[in-house]
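Heads up, the sequence shown is in my numbering, so the first residue is 26 and it goes up one at a time. We treat Cβ as the ideally placed atom computed from N, Cα and C, and that holds for glycine. In this text the structure is predicted, and so the values were computed from the model without any measurement. For reference, the structure is listed below as structure tokens.
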Amino acid sequence: MINFKSLIAEKIAKEVELDKNEIEGYIEVPPNEDMGDYAFPCFKLAKTLRKAPPAIAEELKGKLSVDGNIDKIEIAGGYLNFYVNKEVLTKTVLEEISEKKEKYGADNSGEGKTVIVEYSSPNIAKPFHIGHLRTTIIGAALYKIYKFMGYNTVGINHLGDYGTQFGKLIEGYKRWSSEYNIDENPIEELMKIYIRINDLCKEDESVLEACRENFRLLEEGDKYCTELWERFRDVSLQEFNRIYDLLGVKFDSLKGEASYADSWGEVVDILEKSGKLTESDGAKIVDLEDVGKGVCMITKSNGSTIYATRDLAAIRYRAKTYDFDKCLYVVAYEQALHFRQIFEVTKYLDIPKKCQKGLEHVQYGMVRLTTGKMSTREGNVVKVEDLLRESIARVKEVIDEKDPDMENKDEEAKKIGIGAVIFNSLCTTIIKDQVFDWNTVLNFTGETGPYIQYIYVRTKSVLEKAGYVPSFDEVKFDKLQDKQSLSVIKNLYKFEEILKNVIDKNEPSILARYLIDLAGSYSNFYNENKIIDEDKDIQNARVYLSYAVGTVLKTGAGLLGLEMPNRM
Ligand code: ARG
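So, in structure tokens, the structure goes:
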């Protein structure tokens with residue numbers, strides 16, 4: 026595909042004897058179409074050329090010539106505006122889509138690089154809450170996008186399966202397991218046991234002592250305690266897996282905090298040797314006050330490790346196992362300090378510089394539910410599985426009412442219901458807090474997943490009505506030069522750059538917004554143009570454009586985790 030920006034940069038670079046990439050970095054897309062397709066801000070050269078921007082613009086314009094790709098160059102203030110030849114643009118986009126099909130948009134910028142995406146990471150024997158839903162969705166999207174761009178991608182679920190609370194849970198289980206129906210409703214029942222034993226610990230010091238002993242035994246690998254812990258882990262995973270199945274999410278590695286048990290000691294030893302480890306009230310800490318990052322605790326006064334130590338052990342393991350270029354942690358912004366601390370501490374561990382630099386906390390905001398049944402349930406704990414199933418059920422109701430004869434109703438309702446929840450999580454800048462409101466999530470005409478699916482289905486029905494997809498050679502590009510068609514073409518052209526932006530910023534919402542724009546531009550095109558036409562050339566061109574849009578919508582939405590329905 027022709028890279029117009031790069032061509033323009035090349036032209037300019039030749040005249041001013043500057044690096045092409047630097048020039049390319051300066052080129053902007055003007056805020057409105059009348060100002061051309063690309064703009065070069067001449068003030069960027071004012072220093073080097075020691076001239077005023079308008080004079081530079083004047084001089085450059087004189088030297089640059091138009092060619093087959095660029096129709097027109099104009100001066101506007103200190104800017105040079107470039108107008109791309111629209112038939113060439115149309116051809117290059119559609120040709121690329123015809124060649125690459127569902128791979129359109131993928132460049133190989135990730136080749137040879139390894140990126141770890143750590144996401145989901147719920148805690149066993151505790152509810153999978155709506156925040157975990159968000160990391161699962163965001164992480165899965167980033168995972169897919171990196172993979173699409175050629176990165177060697179590793180998806181890790183860093184399960185929270187370790188901590189002193191398991192000593193308590195074991196004690197509670199020993200005492201009362203027969204009173205609870207753990208098989209049927211594991212997490213809820215284990216939570217009840219946990220709350221009960223916790224209360225008892227507050228009253229009776231000897232119970233607390235017994236819990237501590239259980240945890241010690243667990244750490245030592247005692248058979249009874251380990252088997253119980255494994256059971257808690259298994260039943261929790263069964264619940265989590267039901268959610269992952271609904272969302273269509275998979276991991277390459279499920280490696281919980283506990284699995285680093287044999288290497289925490291090494292972390293402590295290395296830090297000890299580095300001289301960075303100091304003692305404070307019996308605890309071992311790394312003091313990061315000098316860099317404004319507080320104090321990072323490494324071991325508690327009783328010698329046991331904490332969350333941070335386990336994360337440090339995990340980083341060492343990942344660096345050794347994957348030699349990663351990037352390791353992304355998709356975790357709520359509440360944990361920002363924790364990550365700033367552990368990333369800082371890696372400087373004192375045996376972790377290659379490359380890996381240290383690649384550590385990044387991808388922060389997302391909280392989700393609040395509008396009032397209703399979901400938000401009041403037991404102290405704000407929403408059962409995520411119920412929420413997903415409710416979404417599917419709500420869609421099913423609409424289908425039953427509006428399209429009762431639809432084939433594979435359940436399957437289609439699932440694609441739409443789940444797609445709606447996924448898209449909702451991704452359509453705003455991820456660090457922003459969100460309100461979950463069914464009226465927004467399932468609004469078929471709003472900026473939602475169902476809207477994108479609906480427009481996709483529309484492109485499909487155009488192809489069905491036409492009864493064929495023309496071959497690329499049959500497309501006459503001059504038939505797609507009206508405003509609406511060109512707006513679609515321009516959006517299609519942007520796809521690859523959008524994906525690169527997502528990766529630059531680890532911000533999948535850029536892709537979500539893009540899909541809304543693409544779908545919207547197609548909707549305008551569809552409303553303004555008769556697609557099935559007596560003029561065969563017009564029809565071919567418009568049907569082909571519909572095919573191209575459907576292809577890109579499907580790829581793009583698929584990268585976010587949405588499946589496309591067949592009918593809507
Ligand atoms: N299990 C933690 C929680 O639910 C999230 C873990 C995040 N990942 C990490 N490497 N610390 O809050």
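Check whether the Cβ atoms of Leu451 and Ile149 sit closer than 9 angstroms, and answer yes or no.
Result no, Cβ atoms of Leu451 and Ile149 do not sit closer than 9 angstroms.
Are at least three pairs of beta-carbons, each pair with one atom in the region 428–440 and one in the region 551–564, less than 8 angstroms apart?
Contact fails: fewer than three Cβ-Cβ distances are below 8 angstroms.
Between which residues of its own chain and Met431 is the CB-CB distance below 8 angstroms, once the five residues before and five after are set aside?
Ile424, Glu437 and Arg592
Please list the terminal residues of the continuous beta strand (DSSP E) segment that includes Asn139.
Looking at the sequence shown, residue 139 is not Asn but Thr. Residues Thr139 to Glu143.
Tell me the rounded alpha-carbon separation between Ala131 and Glu238.
54 angstroms
Within 9 angstroms (strictly less), CB to CB, does Ser278 reach chain B?
The structure shown contains no chain B, having only a single protein chain.
Below 8 angstroms on the Cβ atoms is my contact criterion, and I expect Arg343 with Asp375 to pass it. Report the Cβ-Cβ distance as a whole number of Å.
Actually they do not touch by this definition, with Cβ atoms about 13 angstroms apart.
Just to confirm before moving on: does the CB-CB distance between Val140 and Tyr187 stay below 9 angstroms?
No, Cβ-Cβ distance for Val140 and Tyr187 is not below 9 angstroms.
Tyr572 to Met589, Cα distance in whole Å?
The straight-line gap from Cα to Cα measures roughly 14 angstroms.
Just curious, the alpha helix (DSSP H) that Gln564 is in, first and last residue?
Lys561 to Leu585
Mind checking which residues open and close the beta strand (DSSP E) that includes Lys97?
Ile95 to Ala101
Check: Pro147 C-beta below 8 angstroms from any heavy atom of the ligand ARG
yes
Considering only the alpha carbon of each residue, which of Lys298, Glu112, Asn110 and Lys169 lies closest to Ala582?
Lys169
Taking C-beta to C-beta, are Tyr129 and Phe550 nearer than 9 angstroms?
no
Would you call the region 184–199 and the region 219–234 touching, i.e. three or more CB-CB distances under 8 angstroms?
yes
Name, in chain order, the residues that DSSP records as bridge partners for Leu89.
For Leu89, which the question treats as bridged, DSSP gives no partner whatsoever.
Alpha carbon of Ile33 to alpha carbon of Gly135, nearest angstrom:
25 angstroms
Taking just the CA atoms, how far does Val420 sit from Asp411?
The alpha-carbon atoms of Asp411 and Val420 are separated by roughly 14 angstroms.
Tell me whether Lys555 sits in a helix, a strand or coil according to DSSP, three-state version.
coil
Quick one: is the Cβ of Gly185 within less than 8 angstroms of any heavy atom of the ligand ARG?
yes
If you follow the beta strand (DSSP E) that Phe65 is in, where does it begin and where does it stop?
Tyr63 to Pro66
Using CA coordinates, which residue listed in Arg483, Ile556 and Ser534 is at the minimum distance from Ala165?
Ser534
Based on the DSSP secondary-structure assignment, which residues constitute the bridge partners of Thr303?
DSSP, once it has assigned bridges, lists Ile310 as partnering Thr303.
Quick one: complete alpha helix (DSSP H) runs, 4+ long, within the region 224–249?
230–245
Rounded to the nearest angstrom, what separates Glu595 and Gln478 at their Cα positions?
This structure leaves residue 595 out entirely; the chain is present only between 26 and 593.
Distance between beta carbons of Ala38 and Lys45, contact taken as under 8 angstroms:
4 angstroms
Do Val292 and Thr334 have their C-beta atoms closer together than 9 angstroms?
Their beta carbons are under 9 angstroms apart, which means Val292 touches Thr334 by this criterion.
Starting from the C-beta of Val513, find all residues in its chain whose C-beta is less than 7 angstroms away, skip the five residues before and the five after it, and write them out in chain order.
Ser546, Tyr547, Phe550, Leu570 and Val574
Stretch-stretch touch, CB-based, cutoff 8 angstroms, three pairs: the region 523–533 with the region 484–499
Cβ pair count under 8 angstroms is below three, so no.
DSSP on Cys452, reduced to helix/strand/coil?
coil
Below 8 angstroms on the Cβ atoms is my guess for Tyr518 versus Leu114; work out the distance and round it to an integer in Å.
Indeed, because the Cβ distance is near 6 angstroms, the residues count as touching under 8 angstroms.
With DSSP as the reference, label Ser416 as helix, strand or coil.
helix
Apart from the five residues on each side of it in sequence, which residues of its chain come closer than 7 angstroms, Cβ to Cβ, to Ser261?
So the list reads Ile149, Ala150, Pro211 and Ile212, once near-sequence residues are dropped.
Answer with buried or exposed for Ile557, where buried requires no fewer than 16 other C-beta atoms within 10 angstroms of its C-beta.
exposed
Status (buried if at least 16 other CB within 10 Å, exposed otherwise) for Arg75:
Arg75 is exposed by the Cβ-count criterion.
Among all the DSSP beta bridges, which residues are the ones paired with Glu385?
Glu385 is bridged to Leu353.
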